[in-house]
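Enquirer: Residue numbers (our numbering): 34 to 484.
1) Look up residue 372 in the DSSP assignment and say whether it is helix, strand or coil.
2) Compare the Cα-Cα distances from residue 193 to each of 428, 134, 321, 476 and report the closest residue.
3) With DSSP collapsed to three states, give me the class of residue 158.
4) Would a C-beta distance cut-off of 8 angstroms place residue 456 and residue 237 closer than the cut-off?
5) Kindly provide the ranges of any alpha helix (DSSP H) runs that are 4 or more residues long and lie completely inside the stretch 167 to 243, ordered along the chain.
6) Alpha carbon to alpha carbon, how far is residue 317 from residue 354?
7) Identify, in the order they occur along the chain, each residue of the same chain with its Cβ nearer than 6 angstroms to the Cβ of residue 106, setting aside the five sequence neighbours on each side.
8) Per DSSP, which one or two residues make a beta bridge with residue 290?
9) Spatial neighbours of residue 371 within its chain, please: CB distance less than 6 angstroms, with the 5 preceding and 5 following residues excluded, ordered by chain position.
10) Hey, how far is the Cα of residue 327 from the Cα of residue 430?
11) Under 7 angstroms: does the beta carbon of residue 368 sit that close to some heavy atom of the ligand GDP?
12) Would residue 262 and residue 291 be called neighbours here (beta carbons separated by less than 8 angstroms)?
13) Going by DSSP, name the residue or residues bridged to residue 471.
14) Is it right to say residue 433 is buried, meaning 16 or more other beta carbons lie within 10 angstroms of its own, or is it exposed?
15) Hey, could you find the ends of the beta strand (DSSP E) residue 457 is sitting in?
16) Are the stretch 354 to 366 and the stretch 275 to 286 in contact at 8 angstroms, needing three or more beta carbon pairs?
17) To the nearest angstrom, how far is it from the Cα of residue 142 to the Cα of residue 402?
18) So, does the stretch 199 to 212 touch the stretch 408 to 424, judging by three or more C-beta pairs under 8 angstroms?
19) Could you check if residue 160 is buried or exposed, using at least 16 other CB atoms within 10 Å of its CB as the buried criterion?
20) For residue 478, does the three-state DSSP call read helix, strand or coil?
21) Rounded to whole angstroms, what is the Cα-Cα separation between residue 469 and residue 293?
22) In or out: residue 322 buried (at least 16 other Cβ within 10 Å) or exposed?
23) With three or more C-beta pairs closer than 8 angstroms as the rule, is the stretch 129 to 138 touching the stretch 405 to 417?
24) Taking residue 259 as the reference, which of 270, 226, 375, 189 has the closest Cα?
25) For residue 347, tell me which candidate among 156, 310, 240, 381 has the shortest Cα-Cα distance.
26) Throw me the rounded Cβ distance for the residue 363 and residue 386 pair, which I believe falls under 8 angstroms.
27) Note down the Cα distance separating residue 471 from residue 246, rounded to an integer number of angstroms.
28) Which runs of the beta strand (DSSP E), 3 residues or longer, sit entirely within the stretch 287 to 352?
29) Between residue 191 and residue 168, which are expected to be in contact by the criterion C-beta below 8 angstroms, what is the C-beta distance as a whole number of angstroms?
30) Beta-carbon within less than 7 angstroms of residue 139's beta-carbon, same chain only, minus the 5 sequence neighbours each way: which residues are those?
31) Does the Cβ-Cβ distance between residue 307 and residue 349 come in under 8 angstroms?
32) Please classify residue 465 as buried or exposed, where buried requires at least 16 other C-beta atoms within 10 Å of its C-beta.
33) If I'm right that residue 361 touches residue 239 with Cβ under 8 angstroms, what's the distance once you round it to whole angstroms?
34) Would you list the one or two residues that DSSP bridges to residue 378?
Below you can see the structure in the form of structure tokens.
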């Protein structure tokens with residue numbers, strides 16, 4: 034069956050099956066300005082597991098660049114023409130626009146865009162998509178580019194828009210689309226741009242923090258500490274952590290932050306936090322003492338995490354039994370191999386679905402997917418379900434489908450959209466054991482009691 038599966042029977046019946054062909058338009062001078070069809074790719078034999086996973090990465094801080102915001106006409110002067118290729122005549126065409134930064138200044142963004150488009154095409158192949166018209170538009174990695182691409186998508190009759198990636202681009206696209214009633218499924222992790230017809234299909238750190246903090250509290254922790262960066266990401270994590278601890282009637286016992294990624298800026302804050310415990314010499318004389326905190330959250334990844342992780346025990350051996358918590362930034366091989374993180378836990382989606390997705394993507398395109406490719410795959414699947422059989426003027430029906438409390442289940446696992454456009458994710462809890470990530474609390478497979 035298809036990797037993507039809506040929880041409801043109606044949606045499941047819609048998405049299952051293999052596509053016979055895909056119609057993709059690349060608009061705006063990126064690649065071409067005409068219709069192109071591709072033969073159905075030959076998929077290897079596969080059996081899709083129920084859960085899915087997204088490999089967490091060093092997620093950039095959701096900072097918006099200082100750019101000139103576009104002037105948005107609330108009622109743009111263009112006609113909705115409804116792009117209708119001749120070879121699709123007579124079909125109930127569902128037009129799905131995907132806005133990606135194909136011509137962004139950043140080569141990383143351009144590469145990401147190309148991989149995400151391929152994943153979206155793959156998603157159409159994985160269902161009976163002979164009435165799906167995928168319209169690819171260049172958001173250029175800017176707010177003004179996203180606004181122009183959104184206007185073009187609406188003019189060509191898009192039922193649903195997926196993308197863009199950057200927060201400023203998603204915000205600009207939402208401003209343009211708002212009066213049209215066309216929903217946007219964006220990929221930004223910045224929840225401040227959600228709402229008003231914008232729904233975020235991403236992995237905001239707040240969901241990971243809530244999941245791991247609740248798990249720690251249920252395991253008996255009541256006193257919590259934090260050691261992390263003063264970055265935008267770090268501040269978001271700390272805010273979510275503090276709120277969740279309070280909701281769980283816990284105590285924030287210690288908070289230490291630092292500016293930068295170098296170990297030299299981490300040492301003094303780590304020493305202060307470790308110093309809350311009595312020294313080994315003191316406990317040798319008086320072994321009975323109350324731990325000042327039971328767990329500590331380290332929201333770092335990559336080299337910075339490997340620098341930070343050993344510091345607490347370096348400064349005080351008595352911190353060795355403190356449970357270390359992490360975020361999705363941990364979900365890389367180097368974290369699993371760091372001795373100081375052994376026994377540490379973090380939240381993330383299940384692995385199985387993403388492993389299958391990666392294998393099939395590689396079999397089709399001969400390369401590994403980008404880190405956001407699975408979001409494009411799932412986004413297309415959700416958009417196709419939302420648009421299927423809905424009349425052009427039935428915007429309320431589209432929104433009702435998007436915000437179905439049952440949610441959706443895809444490559445990246447369980448997700449549902451709140452009425453405010455923010456994503457709610459079903460996450461597993463992983464522990465680092467023997468250089469591997471081991472699931473110690475599985476991700477939910479339905480929304481019953483999951484959120």
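Positions of the beta carbon are idealized from the N, C-alpha and C atoms, including for glycine.
Since this is a predicted model, take the numbers as computed values, not measurements.
Expert: In this structure, then:
1) In the chain shown, the residue the question calls residue 372 occupies position 339. In the structure shown, residue 372 sits in a helix (DSSP, three-state: H, G or I).
2) Mapped onto the chain shown, residue 193 falls at position 160. Of the candidates 428, 134, 321, 476, the one whose C-alpha sits nearest the C-alpha of residue 193 is 428.
3) By 1-based counting over the chain shown, the position of residue 158 is 125. Three-state result, residue 158: helix.
4) Numbered from its first residue, the chain shown carries residue 456 at position 423. Numbered from its first residue, the chain shown carries residue 237 at position 204. Here residue 456 is near residue 237, since their CB atoms are less than 8 angstroms apart.
5) List check, alpha helix (DSSP H) in window: 176 to 188, 200 to 210.
6) On the chain shown, position 284 is the one that residue 317 refers to. On the chain shown, position 321 is the one that residue 354 refers to. For the pair residue 317 and residue 354, the Cα-to-Cα distance works out to about 16 angstroms.
7) Reading the chain shown from its first residue, position 73 is the one you call residue 106. In this prediction, residue 106 scores a pLDDT of 41, lower than 50, which makes its location untrustworthy; no coordinate-derived value is stated.
8) Walking along the chain shown from the start, residue 290 turns up at place 257. Residue 290 pairs with 261.
9) As a working mapping, residue 371 is identified with position 338 in the chain shown. Around residue 371: 339, 342.
10) Your numbering for residue 327 matches position 294 in the chain shown. Your numbering for residue 430 matches position 397 in the chain shown. Straight across, the Cα-Cα distance linking residue 327 with residue 430 is about 48 angstroms.
11) With respect to the ligand GDP, the structure offers nothing, as it holds no ligand at all.
12) Indexing the chain shown from 1 puts residue 262 at position 229. Indexing the chain shown from 1 puts residue 291 at position 258. Cβ atoms of residue 262 and residue 291: closer than 8 angstroms.
13) As a first step, residue 471 must be located in the chain shown, where it is residue number 438. The bridge partners DSSP lists for residue 471 are 464.
14) On the chain shown, position 400 is the one that residue 433 refers to. It is exposed - the Cβ of residue 433 has fewer than 16 other Cβ atoms within 10 Å.
15) As a position in the chain shown, residue 457 is number 424, starting the count at 1. Residue 457 -> beta strand (DSSP E) spans 456 to 458.
16) Contact between the stretch 354 to 366 and the stretch 275 to 286 is absent, because fewer than three Cβ pairs lie under 8 angstroms.
17) Looking up residue 142 in the chain shown gives position 109. Looking up residue 402 in the chain shown gives position 369. Computed Cα separation, rounded: 13 angstroms.
18) Flag = no, the stretch 199 to 212 and the stretch 408 to 424 do not touch.
19) Taking the first residue of the chain shown as 1, we reach residue 160 at position 127. Residue 160 is buried by the Cβ-count criterion.
20) Residue 478 sits at position 445 when you count from the first residue of the chain shown. Here DSSP, grouped into helix, strand and coil, assigns residue 478 to coil.
21) As a first step, residue 469 must be located in the chain shown, where it is residue number 436. As a first step, residue 293 must be located in the chain shown, where it is residue number 260. About 28 angstroms.
22) Locating residue 322 in the chain shown gives position 289, where the first residue counts as 1. Classification of residue 322: exposed, given that the 10 Å Cβ count is below 16.
23) Enough Cβ pairs lie closer than 8 angstroms, so yes.
24) The count along the chain shown starts at 1 and reaches residue 259 at position 226. Nearest option by C-alpha distance: 270.
25) Mapped onto the chain shown, residue 347 falls at position 314. Ranking the options by Cα distance to residue 347, first place goes to 310.
26) If you number the chain shown from 1, residue 363 lands on position 330. If you number the chain shown from 1, residue 386 lands on position 353. Between residue 363 and residue 386, the beta carbon gap of about 19 angstroms keeps them out of contact (Cβ cut-off 8 angstroms).
27) For the purposes of this step, residue 471 is taken as residue 438 along the chain shown, with counting starting at 1. For the purposes of this step, residue 246 is taken as residue 213 along the chain shown, with counting starting at 1. Their Cα atoms are separated by approximately 18 angstroms.
28) Segments of the beta strand (DSSP E) lying fully in the stretch 287 to 352: 328 to 330.
29) Walking along the chain shown from the start, residue 191 turns up at place 158. Walking along the chain shown from the start, residue 168 turns up at place 135. Confirmed, Cβ separation roughly 6 angstroms.
30) Stepping through the chain shown from its first residue, residue 139 is reached at position 106. Around residue 139: 174.
31) Taking the chain shown and counting its residues from 1, one reaches residue 307 at position 274. Taking the chain shown and counting its residues from 1, one reaches residue 349 at position 316. Contact: yes.
32) Sequence index remark: in the chain shown, residue 465 carries index 432 (1-based). With a threshold of 16 other beta carbon atoms within 10 Å, residue 465 meets it and is buried.
33) What you label residue 361 is simply residue 328 of the chain shown in a count that begins at 1. What you label residue 239 is simply residue 206 of the chain shown in a count that begins at 1. Not a contact, Cβ separation roughly 11 angstroms.
34) Residue numbering aside, residue 378 sits at position 345 when the chain shown is read from its first letter. In the DSSP output, where bridge partners are listed per residue, residue 378 has 358, 464.
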